[in-house]
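Enquirer: Chains as they are written, first to last, in our numbering: chain P, 20 to 114; chain Z, 6 to 496; chain E, 69 to 553. Every residue, glycine too, gets a C-beta built ideally from N, C-alpha and C. On a predicted model such as this, the values are computed, not experimentally measured, just so you know. First the structure, then my questions, so here it is.
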C-alpha cells in the first residue's frame, strides 16, 4: 500500500500531530516503505486462526469496591501546564 | 573504573556485608565515575542526593546486621520508570519537567530491597528504537570502540543508557524494558548480560507504556548471577497491573551453577537468515559446542513463522503505541505548545514534542487501526502472532530452551542506519519472536567481532521458566569467559 | 401497530425511535480505579493517576461494577455473556484524559433483553434491548467560566457507566417516555443506578428517523445528551417533524448528531462534524477477557428483588387492584413497600386509594418524597383501622389525615384531641334526623312523592348538624327508614 499526501494528512489529523505540508511527501514515502515491509503478512494463511490479544493465559482479576485513592488535588494538578481554581485550563472547546 | 565500580553485584553484596567498604563509598565511587563519563550521555538525570541518602540508610542497616537483598547496591534506572519526585522523561521532549507523584512498582521493589538510585538512564524516545539515537536528550555513546577506528558507536536500544552505564562501570546494574529486544540487543552490543522476563513476570505499573502487550521490565548487569539477583527483587505479582501474573518468584540466583546437563536445547533453522555475518554464525555454533561439552543435547527445531515476526511486531507495537501515546496532549503534564483552539494545541504540542521515529510509529499505528484497514493489518497481525506463539509452544514440547544469536551484527556507528527506518528495525530480527510469544530471554556476551566489538548469544525459555534461561546463560557465560572491557571507560 | 402517525403534507408518517441510555453505576469506587464516585465534590478531588491518564498508569476492574451490570442485565431478562472483552474507543477530547475510553465493542457483557412498557388505555408493548455494556465516563468541561478557555474537572472521569441500547422499537414520544420511566424504575429497584437525570446519572441519546408506514427504515439522526424525560419527548417530536418537513420539501436527511436546545425546543447540528469519528476500536491490551462464573451469575439472579412487572402482577392478584393502580404503586419500590405495609391485614383497595390519592397528593403538596413521608405506613394503617372499626367516618378521616401530615402525630391521638370519634348512637342520630325532617317538611314530601335524589341532601343536613361525626352507615339506614315513613 502506498500512501499519498492526502492520506498522510488524514492520519496526522486523526493522530492530532501537525505535519507541515513540506514534510508530508517524505513522510508518505517513509510510511509507505514501512507498510510495504509489513504487508509480507499477506503471505501467511490465517484462516480459522483466532487473533491473539494477550500472551497471558489467565483472565481478568477484579478488585474490591473500596475507595483506595484519597482526593489529592495538588498531586493531580502538580504537573499541569496551566491550572486555575482547581481545574485544568485549555483553549475554549466549542461543541 | 575503580576497584569498587568494577565489582559485580554479588561481590559488592559480600563486600558490604563483610564491611570491607561502605555503601557510601560504593555510591560515591559510582557518582565520581558518572561525572567523568558524562561524554557517554548515559544518564539523563543524575540523582546524587538520593543516592547518598539511600546509601546512608543502607550503611545503618548493614551495621545493624539487617541487610536487605540489594542493600547498598547502586543502580541506574531507565528513564521510562516513574520515580516519585524525580524527573521522568521517557527520553522525550513531550515530558519536559514531568515529576511523577507516584513510584513504579518495579522501582519500589528495588528500594524495598535496599538498592540505591544513581540516576535515570537515557533511552530511545518512548523506548522506540534499537540505537538510543532517538532520545530528545541526545544519543548515548557506547564505551566500546572498534579496533579499526574511532567512530562513536551506539550502545544499542532502547535501553542504551542502562547498557552503556553498566558496561562503563558507572552503574552496577540497571533496569531496562524490553518490547522487541530493548534489553537483550543493547546488552549484546555493550558486552553485558540483559534479561527479558516472561511477559507478566514484572509489573508494568508506573512504566511509561509503549506497547502494552509486549513491554516487560528486566535487569541489565555484568553477569548472569547479577541479573538473577536483580530479577528476584524486580519480579512479583502486582494487583495494580491486570496483566501481571500471580505466580511465586523463585530464588533465581539458585539457578546459576545448576549447569545444563541433560537439558535439550533447540537451534531454530529459520534464524539462519540470509546475509548473516559469518562470525555470528560461527559464534552460534561455538555456543552449541560449549553447551554440548557441559552435557546439553541439541536438536534442530523449526519455528516456521519466524520471518513474519518483525512485520507482525511493526504492526502490533505501533498500533498499541498510537493509543498509549494519545495521552500526551499538553493538558495535564509535560510540554504544552499554545494553540488558538484545543485541536491546534494538541497538534502543535504533539508535533513539537514527539521525535520523528515516534511520529512515524504513531502514524503507522493510527493507520493500521483505522476504519477499513483494521482487518487487513491489525487483525491479521494478531493472527500471525498466534501462529508464532504456537510455533514456540510446539517447539518447547521437545526442547527446554532455544539458543540463537542476539543480534544480526555488532554495534554500528552513531548516525548509521538513520536513512531507512526499516533497516533499523532489522536489528530486532532475533529478539522480536520471543517478545511476541511473551517468553523469557537472556543475552550473554559470548565473544568479540573481528573488529573487537561484543557479540551476544540469546537463550529463550518457556513461559515462567527463567530458571532454565538463567542456568543455560550461566553455563554459556562460564564457557565464554568473556573478560573484555570497553576501552572507553573513564580512568 | 402504532396509532400515533404524524400527518405530513403528503400523507402519514411513522416515527422510528431507539434510545441509548447511559446509566451511572452506583458504587463506592470507579470502574478501573480506586477513586471515589460521589457527586458534587470540589473539582479534581476524586481523581486517581489512572483517571488522569498519568504516564504508566493501568486499569484494574472493580468487581462490584461488574456485578451491577450483570444484575441490570438479569433484571432486563437479558442474556449474560460469560466472556466479554474491553476495547479502547480512541478519540481526542480534553475531558477524556487518555485519548481513549475503555468501553466494550463487539463482545459486551450483556446481550439481548426486553422491557415492557404499559399504558393506561392500550395494551402493553414489549420493547427490545439490543445490549448493555460497561464503559468509563468522561470528565466534565466547563465552558462558561472564561470566554477564551475551558475548564476541565476529572472527578467524573472513570466512573462506571452502563450503556443500555434499545432496539428501534419505539414509535411515539410517549412510548419513549414510558420506556425511560420503566427503565429508571427497574434500575432503582435493583439499586444499580439512581436514575437522576438532573444530576446526570441517567443520560439519554435518542435516535430518530421517519418512514412511511410499512416502508424501510429512513436515515436516522442522533440527538445527544437530553437531560429530562420531558425534553426527550419534545426533542423526538421536533426532530421527527423536522425530518418530515425536510423530506416533503424534496430534501434528504443527513445522518448526523444533533443537540437539543431546550430553550428553543429545537434540535440543531453539532458543530464541526466534517469528519466522522474513526474510533479505531481494538481490544485493550492492558486488560484481559472478563470471564464470569455461571454459578456466580445464577446467585445474583436468585438474589434479585421482586421486579416491577412481577410485583404489579402480584398486586393485581393478591390485592385485586386494577392494572393501572398496581402500575402506579409499583413505580417506585419504596412506594410499593409502603403500600404493602399499609395493605397488610387491611382492605387492599381502600389502602390503595388512600396511598395513591391522599398520601401522594399530600406528599406533592409538601414537596416530599415517600421516603421522607411525614406519615409512616404504620401511621396511615392506624388511620385506616379507625375507619374500619367505626371510630371515625371516611370524611372525618380526611381531616385527621391532614392533621397527621401537618403535626406528625398519629391518628388516634388527633381523634382524641379533637374529639372526632364517630357517633354511632342511634338515639342521637334519630334525634338529629327528626329535627332535620321537621325543618324540611316540604322536601320530605317531595322525596316521598318520588324525588329520591333528595336523599343526599338529607344526609348532608344531618351530617352537618352532627358536626360530621355521624356514622354514615347508621345514618343512611336510619334515615331511609324514617323517610320511608
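Output, in chain order, the set of chain Z residues within a Cβ distance shorter than 9 Å of residue 160 of chain E.
Expert: Residue numbering aside, residue 160 of chain E sits at position 92 when the third chain is read from its first letter. Going along chain Z in sequence order, the residues near residue 160 of chain E (Cβ under 9 Å) are 331, 334, 347, 348 and 351.
Enquirer: Return the chain-ordered list of same chain residues with a C-beta closer than 6 Å to the C-beta of residue 338 of chain E, the five sequence neighbours on each side being excluded.
Expert: Working through the third chain from its first residue, we reach residue 338 of chain E at position 270. Excluding positions up to five away in sequence, the list reads 325 and 327.
Enquirer: Can you look up residue 48 of chain Z in the DSSP assignment and give me helix, strand or coil?
Expert: Walking along the second chain from the start, residue 48 of chain Z turns up at place 43. If DSSP states are grouped into helix, strand and coil, residue 48 of chain Z belongs with the strands.
Enquirer: Could you please tell me which residues of the region 42 to 55 of chain P, in chain order, have their CB closer than 8 Å to any CB of chain Z?
Expert: 46, 49, 50, 52, 53 and 54
Enquirer: Whole angstroms are fine: how far does the CA of residue 87 of chain P sit from the CA of residue 125 of chain E?
Expert: As a first step, residue 125 of chain E is located in the third chain; it is residue number 57 there, counting from the start. As a first step, residue 87 of chain P is located in the first chain; it is residue number 68 there, counting from the start. When rounded, the distance between both Cα atoms is 15 Å.
Enquirer: Alpha carbon to alpha carbon, what distance is there between residue 135 of chain E and residue 99 of chain E?
Expert: Counting from one through the third chain, the residue named residue 99 of chain E turns up at place 31. Counting from one through the third chain, the residue named residue 135 of chain E turns up at place 67. Distance between the alpha carbons of residue 99 of chain E and residue 135 of chain E: 11 Å.
Enquirer: Looking at the secondary structure, which residues open and close the alpha helix (DSSP H) in which residue 232 of chain Z lies?
Expert: Residue numbering aside, residue 232 of chain Z sits at position 227 when the second chain is read from its first letter. For residue 232 of chain Z, the enclosing alpha helix (DSSP H) covers residues 229 to 239.
Enquirer: State buried or exposed for residue 108 of chain Z, treating a residue as buried only when at least 16 other CB atoms are found within 10 Å of its CB.
Expert: On the second chain, residue 108 of chain Z is found 103 positions in, with the first residue counted as 1. Classification for residue 108 of chain Z: buried.
Enquirer: Could you tell me the boundaries of the alpha helix (DSSP H) in which residue 315 of chain Z lies?
Expert: Along the second chain, read from residue 1 onward, the residue named residue 315 of chain Z stands at position 310. Its alpha helix (DSSP H) spans residues 314 to 329.
Enquirer: Return the chain-ordered ranges of every beta strand (DSSP E) run that is complete within the region 233 to 309 of chain E and spans a minimum of 3 residues.
Expert: 270 to 279 and 289 to 294
Enquirer: Please list the partners that residue 168 of chain E has in chain Z, where partner means a Cβ-to-Cβ separation under 8 Å.
Expert: For the purposes of this step, residue 168 of chain E is taken as residue 100 along the third chain, with counting starting at 1. Neighbours of residue 168 of chain E on chain Z, chain order: 328 and 331.
Enquirer: Kindly say whether residue 39 of chain P, judged by its beta-carbon, lies nearer than 8 Å to any beta-carbon of chain E.
Expert: Numbered from 1 along the first chain, position 20 holds the residue referred to as residue 39 of chain P. No, residue 39 of chain P lies away from the interface with chain E (no Cβ there is under 8 Å from its Cβ).
Enquirer: Spatial neighbours of residue 76 of chain E within its chain, please: C-beta separation below 6 Å, excluding the five flanking residues on both sides.
Expert: Working through the third chain from its first residue, we reach residue 76 of chain E at position 8. Closer than 6 Å at the Cβ level, and outside the excluded window around residue 76 of chain E, lie 312 and 316.
Enquirer: Which residues mark the beginning and the end of the alpha helix (DSSP H) in which residue 472 of chain Z is found?
Expert: Translated into positions along the second chain, residue 472 of chain Z becomes position 467. Residues 471 to 485.
Enquirer: If you follow the alpha helix (DSSP H) that residue 76 of chain Z is in, where does it begin and where does it stop?
Expert: Counted from its first residue, the second chain places residue 76 of chain Z at position 71. Neither: residue 76 of chain Z is in no alpha helix (DSSP H) and is coded neither H nor E.
Enquirer: Does the Cβ of residue 98 of chain Z have 16 or more other Cβ atoms within 10 Å, making it buried, or fewer, making it exposed?
Expert: By 1-based counting over the second chain, the position of residue 98 of chain Z is 93. The residue is buried, with at least 16 neighbouring Cβ atoms inside 10 Å.
Enquirer: Whose C-alpha, out of Z:68, Z:126 and Z:65, is nearest the C-alpha of residue 91 of chain Z?
Expert: Taking the first residue of the second chain as 1, we reach residue 91 of chain Z at position 86. Nearest C-alpha to residue 91 of chain Z: Z:126.
Enquirer: What residues in its chain sit with their C-beta under 6 Å from that of residue 37 of chain P, if we drop five residues either side in the sequence?
Expert: Taking the first chain and counting its residues from 1, the one referred to as residue 37 of chain P is at position 18. For residue 37 of chain P, where only same-chain residues beyond five positions count, there are no Cβ hits under 6 Å.
Enquirer: Any contact between the region 161 to 169 of chain E and the region 362 to 378 of chain E? By contact I mean 3 or more CB pairs, one from each, below 8 Å.
Expert: With the cut-off at 8 Å, the region 161 to 169 of chain E and the region 362 to 378 of chain E do not touch.
Enquirer: Looking only at its chain, what residues have a beta carbon closer than 6 Å to the beta carbon of residue 448 of chain Z, apart from the 5 residues adjacent to it on each side?
Expert: Taking the second chain and counting its residues from 1, one reaches residue 448 of chain Z at position 443. 189, 192, 193, 199, 411, 461 and 463, listed in sequence order.
Enquirer: Distance, Cα to Cα, residue 152 of chain Z vs residue 456 of chain Z?
Expert: Position 147 of the second chain holds residue 152 of chain Z. Position 451 of the second chain holds residue 456 of chain Z. Approximately 5 Å, taken between the alpha carbons.
Enquirer: Do residue 195 of chain E and residue 234 of chain E have their beta-carbon atoms positioned less than 8 Å apart in this structure?
Expert: Within the third chain, the letter at position 166 stands for residue 234 of chain E. Within the third chain, the letter at position 127 stands for residue 195 of chain E. Yes, they are a contact pair.
Enquirer: I need the straight-line Cα distance from residue 341 of chain E to residue 29 of chain P, nearest angstrom please.
Expert: In the third chain, counting from the first residue as 1, residue 341 of chain E sits at position 273. In the first chain, counting from the first residue as 1, residue 29 of chain P sits at position 10. Per-residue confidence for residue 341 of chain E stands at a pLDDT of 49, beneath the threshold of 50, marking its modelled position as unreliable; no derived number is given.
Enquirer: If we ignore side chains and look at the alpha-carbon of each, how far apart do residue 416 of chain E and residue 490 of chain E end up?
Expert: Numbered from 1 along the third chain, position 348 holds the residue referred to as residue 416 of chain E. Numbered from 1 along the third chain, position 422 holds the residue referred to as residue 490 of chain E. Rounded to the nearest angstrom, the two C-alpha atoms are 23 Å apart.
Enquirer: Does any residue of chain P bring its CB to less than 8 Å from the CB of residue 387 of chain Z?
Expert: One-based indexing of the second chain puts residue 387 of chain Z at position 382. The beta-carbon of residue 387 of chain Z is placed less than 8 Å from the nearest beta-carbon of chain P.
Enquirer: Kindly say whether residue 206 of chain Z, judged by its beta-carbon, lies nearer than 8 Å to any beta-carbon of chain P.
Expert: For the purposes of this step, residue 206 of chain Z is identified with residue 201 of the second chain, where counting begins at 1. Not closer than 8 Å to any Cβ of chain P, the Cβ of residue 206 of chain Z fails to qualify, so no.
Enquirer: Flag this pair as touching only if the region 53 to 65 of chain Z and the region 100 to 107 of chain P have three or more C-beta atom pairs under 8 Å; answer yes or no.
Expert: With the cut-off at 8 Å, the region 53 to 65 of chain Z and the region 100 to 107 of chain P do not touch.
Enquirer: Mind checking if residue 24 of chain P is an interface residue toward chain Z, Cβ cutoff 8 Å exclusive?
Expert: Residue mapping note: residue 24 of chain P aligns to position 5 of the first chain, counting from 1. No, because no Cβ of chain Z sits closer than 8 Å to the Cβ of residue 24 of chain P.
Enquirer: Show which residues of chain E have a CB atom less than 7 Å away from the CB atom of residue 107 of chain Z.
Expert: Walking along the second chain from the start, residue 107 of chain Z turns up at place 102. Simply 117.
Enquirer: Using only the alpha-carbon positions, how far apart do residue 357 of chain Z and residue 400 of chain Z sit?
Expert: The residue given as residue 357 of chain Z occupies position 352 in the second chain. The residue given as residue 400 of chain Z occupies position 395 in the second chain. When only Cα atoms are considered, residue 357 of chain Z and residue 400 of chain Z end up about 46 Å apart.
Enquirer: Going by C-alpha to C-alpha distance, which of Z:145, Z:154, Z:402 and Z:84 sits closest to residue 467 of chain Z?
Expert: For the purposes of this step, residue 467 of chain Z is taken as the residue at position 462 of the second chain. With distances taken between Cα atoms, residue 467 of chain Z lies closest to Z:402.
Enquirer: Quick one: is residue 266 of chain Z buried, meaning 16 or more other Cβ sit within 10 Å of its Cβ, or exposed?
Expert: As a first step, residue 266 of chain Z must be located in the second chain, where it is residue number 261. With fewer than 16 other Cβ atoms inside 10 Å of its own Cβ, residue 266 of chain Z counts as exposed.
Enquirer: Which residues in the same chain have their Cβ closer than 7 Å to the Cβ of residue 94 of chain E, if we skip the five residues on either side of it in sequence?
Expert: Residue mapping note: residue 94 of chain E aligns to position 26 of the third chain, counting from 1. Around residue 94 of chain E: 136, 259, 260, 261 and 262.
Enquirer: For residue 334 of chain E and residue 251 of chain E, what's the separation of their Cα atoms in angstroms?
Expert: In the third chain, the residue the question calls residue 334 of chain E occupies position 266. In the third chain, the residue the question calls residue 251 of chain E occupies position 183. Using only the alpha carbons, I get a separation of about 25 Å.
Enquirer: So who's on the other strand from residue 81 of chain E, going by DSSP bridges?
Expert: Stepping through the third chain from its first residue, residue 81 of chain E is reached at position 13. Partner(s): E:74.
Enquirer: Is residue 65 of chain P close to chain E? Criterion is C-beta to C-beta, closer than 8 Å.
Expert: For the purposes of this step, residue 65 of chain P is taken as residue 46 along the first chain, with counting starting at 1. It does not; no Cβ of chain E falls within 8 Å.
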